[in-house]
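Novice:
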Amino acid sequence: MKIAIGSDHVGSELKPIIMEYLTSKGHEVHDFGTYSTESTDYPIYGVIVGEAVAQGDYEQGILICGTGIGISLAANKVKGIRACACSEPYSAQMARRHNNANVLCFGARVVGSEMAKMIVDAWLEAEFEGGRHARRVKEIVDYENGTWRPEDGFPENYL
Ligand code: RB5
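Counting with this note's numbering, you get residues 69 to 227 for the letters of the sequence shown.
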C-alpha cells in the first residue's frame, strides 16, 4: 500500500519507528515532514498529508502529533478526508470498517511505539464493510459537497 505519513515536532521521533515498521511489512511510505524536533505547527503536516491522500496519490495517510487530535482536526479540513485520532486498536479497526476513514492519527504523548504499531496493524488489516455504513459515509461526503442536509434524512436511493 502507498502511505503518506507526517508529524509535527512531537511526533517526529515516533514517526521513523512507524515508517520502518510499515516498510518491513512491504508498504511504500513517503514522509511529508517535519524532519526534526524543532518546534513547528501541526496544521502544516495535517493539511499536506490530507491533500496527498485526497488527490489520490496515496491510499492512506498516517499523522502523529502530541495527542493525534490537532493534526486530525487539520486533516479533516481537506475535502475528502476522514481522519480519526485513535489511541487503541479497536477504534482504529472500526474507523476503517464503519467510517471508511482514510487518515489515521495518533499521539506520541499518548501511545508508546508498540501500541502505535498495534493501532497501525488494526487500521491496515481492516476493510470497509459498505452497506448501511456506505450510506452514512455518503451523507458525510454529500454534506461536505453541499448536496445533503440532515433534514433530508437517509435517502432510500443511496443504497
Ligand atoms: C504541541 O505542543 C501539541 O499541541 C501538538 O503536538 C498536538 O498535540 C496538538 O493537538
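Backbone N, C-alpha and C define an ideal beta-carbon position, used for all residues, glycine too.
1) Are there any heavy atoms of ligand 1 lying less than 6 angstroms away from the beta-carbon of V205, as far as the coordinates show?
2) Along the chain, where does the alpha helix (DSSP H) that runs through G118 open and close?
3) Report yes if the C-beta of C133 is less than 6 angstroms from at least one heavy atom of ligand 1; otherwise report no.
4) Tell me whether I137, by its Cβ, gets closer than 6 angstroms to a heavy atom of ligand 1.
5) Mapping DSSP to helix, strand and coil, what is D99?
6) Which partner residues of V78 appear in the DSSP bridge assignment?
7) Would you decide whether D220 is buried or exposed? Buried here means 16 or more other CB atoms lie within 10 Å of its CB.
8) State the DSSP-derived secondary structure class of A176, mapped to helix, strand or coil.
Specialist: By the coordinates alone:
1) As a position in the sequence shown, residue 205 is number 137, starting the count at 1. In this structure, the C-beta of V205 stays at least 6 angstroms away from each heavy atom of ligand 1.
2) As a first step, residue 118 must be located in the sequence shown, where it is residue number 50. 110-122 is the span of the alpha helix (DSSP H), which, as asked, contains G118.
3) What you label residue 133 is simply residue 65 of the sequence shown in a count that begins at 1. Yes - ligand 1 has a heavy atom lying nearer than 6 angstroms to the Cβ of C133.
4) Position 69 of the sequence shown, counted from the first residue, corresponds to residue 137. Indeed, a heavy atom of ligand 1 lies less than 6 angstroms from the Cβ.
5) Counted from its first residue, the sequence shown places residue 99 at position 31. If DSSP states are grouped into helix, strand and coil, D99 belongs with the strands.
6) For the purposes of this step, residue 78 is taken as the residue at position 10 of the sequence shown. Answer is none; V78 lacks a bridge partner.
7) The residue given as residue 220 occupies position 152 in the sequence shown. It counts as exposed.
8) For the purposes of this step, residue 176 is taken as the residue at position 108 of the sequence shown. If DSSP states are grouped into helix, strand and coil, A176 belongs with coil.
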